[in-house]
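Undergrad:
Numbering (this note's numbering), first residue to last: 215 to 274.
In structure tokens form, the structure reads like this:
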């Protein structure tokens with residue numbers, strides 16, 4: 215999802231996507247990241263905290 219891609223980059227993009235209804239618990243459907251959520255892929259603590267604040271959980 216766009217949120218999965220955004221968590222590897224900037225916090226502002228993650229905030230925008232969440233504000234517009236992105237599913238913080240969506241799981242990757244296939245490939246080497248299968249089953250991972252945006253929280254699992256968060257590139258830093260600030261993004262991880264933001265996702266948790268909005269109910270994000272780990273897929274593992």
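Every residue gets a Cβ at the ideal spot worked out from N, C-alpha and C, and that includes glycine.
1) Could you tell me the distance, in whole angstroms, from the CA atom of residue 220 to the CA atom of residue 227?
2) Can you check which of these residues, 271, 263, 225, is closest to residue 249 by C-alpha distance?
3) Please return the same chain residues whose Cβ sits closer than 7 Å to the Cβ of residue 264, not counting the five positions on each side in sequence.
4) By the DSSP assignment, the alpha helix (DSSP H) with residue 228 in it spans what residues?
5) Buried or exposed: which applies to residue 243, given that a residue is buried once 16 or more other Cβ atoms fall within 10 Å of its Cβ?
TA: This is what the structure holds:
1) 6 Å
2) 271
3) 225, 228, 229
4) 225–233
5) exposed
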